[in-house]
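Working notes, structure below.
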Amino acid sequence: MTIETPARHAQPRGRQALQRSIAWYLRQLSRVLNVLTDEELERLIPHLTERRFKPRQIIFAAGDPAERVYLILKGRVKIFQVADNGKEIILDVVGKGDVVGDMAIVEDGERTATAQAIEETMAVSITWEDFSHLLQQSPRLGFAMMELMARRLAGMQRTFMNIVSKPVSARLADTLLARSEDGIIRLGLTHQELAQTIGTSRETVTALLSRFVTLGAISPIPDGYRIEDEDLLDDIAAGEIPVSPRHPVNAPASTMAG
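Last residue of the sequence shown? That's 249 in this note's numbering, and every number before it is there in order.
Structural data, given as structure tokens:
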């Protein structure tokens, strides 16, 4: 009895400690889940299921029933639609801490886009039914989800407006700036996928990136680029300095002087 009694009490304490640890991690990982109280997170955790996806594996496809919501723990996922002409149009690329499948709120039960892992990806998922119940119980979570969708829709609107109103060099520069963090651009996309986000061809993206390097706006690093002249990249993104993908450019004297 003296041995069994502590064991019986240790197991619940162990589970509680594990749940607190998971709750802390989820709160640090996701701005959306950060709004939940400890009690709400503890109710959520038992409903989460871990999922792993290989590179290029489909998480869900357009036309599928909107059954689950995913929180990305590791890796990157692209959200895309396929146009009538068969071309793939990338709507968004999400990574660690981001939510995928939340558009089920407005999709009327059926996915309108496809989600595909770009690299080895790990996520936790929850059924839409359980997540919807949690939304109803937590106004803070509902408001956080509204903010998330508003930002996502604003980003899509910006992309579409750029496609119809800006030259391709401006669209590419704008995309690079949007993906930069502390002056470093981690693309996480092939040139083909990057082209699909701005409505052009892979060859054009490759040529323009080379032009940007020659101009001194960016320099290549492993897995991406470093911004060397943010003002210049801003001017290109604004359309004030057009860059042709077809004709080589000479680097400005200021960039060659160093």
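The beta-carbon is built from N, C-alpha and C at its ideal position, and this holds for glycine as well.
Requested in this report: Return yes when the Cβ of residue 104 is within less than 8 Å of the Cβ of residue 68, no when it is not.
Outcome: The count along the sequence shown starts at 1 and reaches residue 68 at position 77. The count along the sequence shown starts at 1 and reaches residue 104 at position 113. No, these two residues do not count as a Cβ contact at 8 Å.
Report task. Please confirm whether residue 71 and residue 80 have their CB atoms less than 8 Å apart. Result -> If you number the sequence shown from 1, residue 71 lands on position 80. If you number the sequence shown from 1, residue 80 lands on position 89. Against a cut-off of 8 Å, the Cβ pair of residue 80 and residue 71 comes out as a contact.
**Report entry** Close-in-space but distant-in-sequence residues of the same chain around residue 200 (CB under 8 Å, 5 per side omitted)
**Finding:** Within the sequence shown, residue 200 is the residue found at index 209, counting from 1. Once the five neighbours on either side are set aside, the close Cβ partners of residue 200 are 163, 182, 209 and 216.
Query - Run of the beta strand (DSSP E) containing residue 72, from where it starts to where it stops - result: The count along the sequence shown starts at 1 and reaches residue 72 at position 81. Unbroken beta strand (DSSP E) run through residue 72: 68 to 73.
Query raised in the report: Given residue 235, which residues of its chain have a CB within under 6 Å of its CB, disregarding the five upstream and five downstream residues?
Result: Locating residue 235 in the sequence shown gives position 244, counting from the first residue. So no residue of the chain qualifies.
Query raised in the report: From which residue to which residue does the beta strand (DSSP E) around residue 62 run?
Result: Taking the first residue of the sequence shown as 1, we reach residue 62 at position 71. Per DSSP, residue 62 belongs to the beta strand (DSSP E) from 59 to 65.
Requested in this report: Decide if residue 231 is buried, meaning its Cβ has at least 16 other Cβ atoms within 10 Å, or exposed.
Outcome: Within the sequence shown, numbered from 1, the residue matching residue 231 stands at position 240. So residue 231 counts as exposed.
**Report entry** beta strand (DSSP E) segments (min. 3 residues) lying fully within the region 154 to 226
**Finding:** 175 to 177, 209 to 212 and 215 to 218
Query - C-alpha distance - residue 24 paired with residue 126, whole-angstrom precision - result: Locating residue 24 in the sequence shown gives position 33, where the first residue counts as 1. Locating residue 126 in the sequence shown gives position 135, where the first residue counts as 1. The alpha-carbon atoms of residue 24 and residue 126 are separated by roughly 11 Å.
Query - Residue nearest to residue 65 in terms of C-alpha spacing, selected from 112, 119, 36 and 144 - result: Here the question's residue 65 lines up with position 74 in the sequence shown. Comparing Cα-Cα distances from residue 65 to each of 112, 119, 36 and 144, the minimum goes to 112.
Query raised in the report: To which residues does DSSP link residue 56 through a beta bridge?
Result: Numbered from 1 along the sequence shown, position 65 holds the residue referred to as residue 56. DSSP, once it has assigned bridges, lists 101 as partnering residue 56.
Report task. Helix, strand or coil for residue 107, going by three-state DSSP, please let me know. Result -> Here residue 107 refers to the residue found at position 116 when the sequence shown is read from its first residue. In the structure shown, residue 107 sits in a strand (DSSP, three-state: E or B).
Requested in this report: Please state if the CB of residue 178 and the CB of residue 206 are separated by a distance shorter than 8 Å.
Outcome: Your numbering for residue 206 matches position 215 in the sequence shown. Your numbering for residue 178 matches position 187 in the sequence shown. Result no, Cβ atoms of residue 206 and residue 178 do not sit closer than 8 Å.
Requested in this report: Please classify residue 73: is it buried, with 16 or more other beta-carbons within 10 angstroms of its beta-carbon, or exposed?
Outcome: As a first step, residue 73 is located in the sequence shown; it is residue number 82 there, counting from the start. Looking at its Cβ environment, which holds fewer than 16 other Cβ atoms inside 10 Å, residue 73 is exposed.
Query - Assumed close pair residue 139, residue 60 - CB separation to whole angstroms, cut-off 8 Å - result: Position 148 of the sequence shown, counted from the first residue, corresponds to residue 139. Position 69 of the sequence shown, counted from the first residue, corresponds to residue 60. Going by Cβ atoms, the distance from residue 139 to residue 60 rounds to 11 Å, so no, they are not a contact pair.
Query raised in the report: Under the three-state reduction of DSSP, which class applies to residue -6: helix, strand or coil?
Result: Mapped onto the sequence shown, residue -6 falls at position 3. Below a pLDDT of 50, predicted positions are generally treated as unreliable, and residue -6, at 31, falls in that range; no measurement from the model is reported.
Query - Helix, strand or coil at residue 150 [DSSP, three-state] - result: The residue labelled residue 150 in the question sits at position 159 within the sequence shown. Here residue 150 sits in helix by DSSP.
Report task. Assign residue 91 to one of three DSSP states: helix, strand, or coil. Result -> Your numbering for residue 91 matches position 100 in the sequence shown. Correct three-state label for residue 91: strand.
Query - Through-space distance from residue 165 to residue 242, alpha-carbon basis - result: Position 251 of the sequence shown, counted from the start, is the residue given in the question as residue 242. Position 174 of the sequence shown, counted from the start, is the residue given in the question as residue 165. A caution first: residue 242 carries a pLDDT of 47, below 50, which makes its placement in the model unreliable, though a value can still be read off. Approximately 20 Å, taken between the alpha carbons.
Report task. Measure the CB-CB distance between residue 115 and residue 31 and report whether it falls below 8 Å. Result -> In the sequence shown, counting from the first residue as 1, residue 115 sits at position 124. In the sequence shown, counting from the first residue as 1, residue 31 sits at position 40. For residue 115 and residue 31, no; Cβs fall outside 8 Å.
Query raised in the report: Should residue 102 be labelled buried (16 or more other beta-carbon atoms within 10 Å of its own) or exposed?
Result: Sequence index remark: in the sequence shown, residue 102 carries index 111 (1-based). Buried, because 16 or more other Cβ atoms sit within 10 Å of the Cβ of residue 102.
Query raised in the report: Which same chain residues, not among the five before or five after residue 157, have their C-beta less than 6 Å away from its C-beta?
Result: In the sequence shown, residue 157 corresponds to position 166, counting from 1. Cβ neighbours of residue 157 beyond the five flanking positions: 230.
Query raised in the report: Would a C-beta distance cut-off of 8 Å place residue 93 and residue 137 closer than the cut-off?
Result: On the sequence shown, residue 93 is found 102 positions in, with the first residue counted as 1. On the sequence shown, residue 137 is found 146 positions in, with the first residue counted as 1. No; because the gap between Cβ atoms is not below 8 Å, this pair is not in contact.
Query raised in the report: Roughly how many angstroms separate the alpha carbons of residue 213 and residue 176, rounded to a whole number?
Result: Your numbering for residue 213 matches position 222 in the sequence shown. Your numbering for residue 176 matches position 185 in the sequence shown. If I take the Cα positions, the gap works out to 10 Å.
Query - Spatial distance of residue 159 from residue 36 (CA atoms) - result: The residue given as residue 159 occupies position 168 in the sequence shown. The residue given as residue 36 occupies position 45 in the sequence shown. Answer to the nearest angstrom: the Cα atoms are 45 Å apart.
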